[in-house]
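Here the structure comes first, spelled out in structure tokens, and everything after it is commentary.
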Amino acid sequence: MTKVLIADDHPVFRQALGDMVGKLMPGPELARLEAADRAQLFEIVEREDIDLILLDLGMPGMTGLPELVAIRNIAPATPVVIVSALDDATVVNQAINCGAAGFIPKSVSMEELAGALKQVLDGGVYVPCADDPRGERRQGAETGALTPRQLAVLGLLAAGKSNKEIARALSISDLTVKVHITTIFRKLGVATRTQAIVAFQRERSQFVNH
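Per our numbering, the very first residue in the sequence shown carries number 251; after that it's consecutive.
Written out as structure tokens, the structure reads:
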């Protein structure tokens, strides 16, 4: 069963996100969990084995990025996608550098939101357009150290394992594997599995495990 946690203090928005997830991931094997504040968020994260978290950093009790870091420490294998009213380039970059698997601004249309969410659920990583209306360049999405979990996924890729085999070996879902692989590609600046393996072998001394 795939478990998706929607953490947002606005019930209408939680419902909209939940409906989108349901349409993009139809079937009885999807469990949708919800949190409306920091306490509920961490109660669920610590209790459940979540496959994907859609997180609003501005919920009651939240301070922002420290909660993202805390979630990554509790559940390092769980992709966390920020869905926020903030879309400042600095906030986006900091979130990605803190381990977010994507950043979807609430300012986008519902159609764009659905498209961004589909990209994430398909294993992609969504961030706002690289060139925003102010001409600021989104930086940081292409760099950063591989986490221990990402290194484990990359090692299994190098061993020729399929996504399903990696998921089984690491006790994570296929969706989580897809997100990890896409994040690895982004960090290494490559587009294929072979390129990722070659780039890692060539430059692994530059990566620092978190």
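The C-beta atom is built at its ideal place from N, Cα and C for all residues, glycine as well.
Would you decide whether residue i is buried or exposed? Buried here means 16 or more other CB atoms lie within 10 Å of its CB.
{"i": "PRO316", "result": "exposed"}
{"i": "ARG297", "result": "exposed"}
{"i": "LYS414", "result": "exposed"}
{"i": "GLN400", "result": "buried"}
{"i": "LEU304", "result": "buried"}
{"i": "MET309", "result": "buried"}
{"i": "ILE346", "result": "buried"}
{"i": "ILE321", "result": "buried"}
{"i": "VAL262", "result": "exposed"}
{"i": "THR444", "result": "exposed"}
{"i": "PRO276", "result": "exposed"}
{"i": "ALA351", "result": "buried"}
{"i": "VAL375", "result": "buried"}
Which residues in the same chain have their Cβ closer than 6 Å to the Cβ of residue i, if we skip the five residues on either side of it in sequence?
{"i": "ASP299", "result": "none"}
{"i": "ALA286", "result": "ASP259"}
{"i": "VAL430", "result": "Per the sequence shown, residue 430 should be read as His rather than Val. Taken in chain order, the residues that qualify are GLN400, VAL403."}
{"i": "GLY268", "result": "ILE256, ARG282"}
{"i": "GLY349", "result": "ARG322"}
{"i": "PHE353", "result": "ILE332, VAL342, ALA345, VAL377"}
{"i": "ALA266", "result": "none"}
{"i": "GLN290", "result": "none"}
{"i": "ALA364", "result": "MET270"}
Which residues in the same chain as residue i place their Cβ atom closer than 7 Å to its Cβ, once the five residues preceding and following it in sequence are excluded?
{"i": "LEU274", "result": "LEU367, LYS368, LEU371"}
{"i": "THR264", "result": "The residue you asked about is not Thr; residue 264 is Arg in the sequence shown. Cβ within range, chain order: ILE256, ASP258, GLU284."}
{"i": "PHE435", "result": "ALA441, ALA446"}
Excluding five sequence neighbours on each side, which residues of the same chain lie with their C-beta closer than 8 Å to the C-beta of residue i?
{"i": "ALA417", "result": "SER423, ASP424, THR426, VAL427"}
{"i": "SER357", "result": "ALA335, ASP337"}
{"i": "ALA419", "result": "LEU406, LYS411"}
Considering Cα atoms alone, identify which of the options is closest to residue i.
{"i": "GLU361", "options": "VAL254, PRO261, HIS260, MET270", "result": "MET270"}
{"i": "GLU279", "options": "MET251, THR444, VAL262, GLU293", "result": "MET251"}
{"i": "VAL254", "options": "ALA266, LEU302, ALA325, ILE294", "result": "LEU302"}
{"i": "VAL377", "options": "ASP306, VAL331, ARG443", "result": "VAL331"}
{"i": "ILE294", "options": "ILE354, VAL319, ILE324", "result": "ILE324"}
{"i": "ALA409", "options": "VAL448, VAL375, VAL319", "result": "VAL448"}
For the alpha helix (DSSP H) containing residue i, name the first residue and the last one.
{"i": "ALA409", "result": "Run containing ALA409: none; DSSP gives neither H nor E here."}
{"i": "GLU279", "result": "First-last for GLU279: undefined, no H or E at that position."}
{"i": "LYS253", "result": "No alpha helix (DSSP H) contains LYS253, which is instead part of the beta strand (DSSP E) from 252–257."}
{"i": "LEU302", "result": "Where LEU302 is concerned, there is no enclosing alpha helix (DSSP H), although the beta strand (DSSP E) it sits in stretches over 302–305."}
{"i": "MET360", "result": "360–371"}
{"i": "VAL295", "result": "288–297"}
{"i": "GLY272", "result": "261–274"}
Distance cutoff 8 Å, beta carbons only. Does residue i sit that close to anything in chain C?
{"i": "ASP258", "result": "Absent from the structure: chain C. Only one protein chain is present."}
If you follow the beta strand (DSSP E) that residue i is part of, which residue opens it and which one closes it?
{"i": "GLY352", "result": "352–355"}
{"i": "VAL330", "result": "330–334"}
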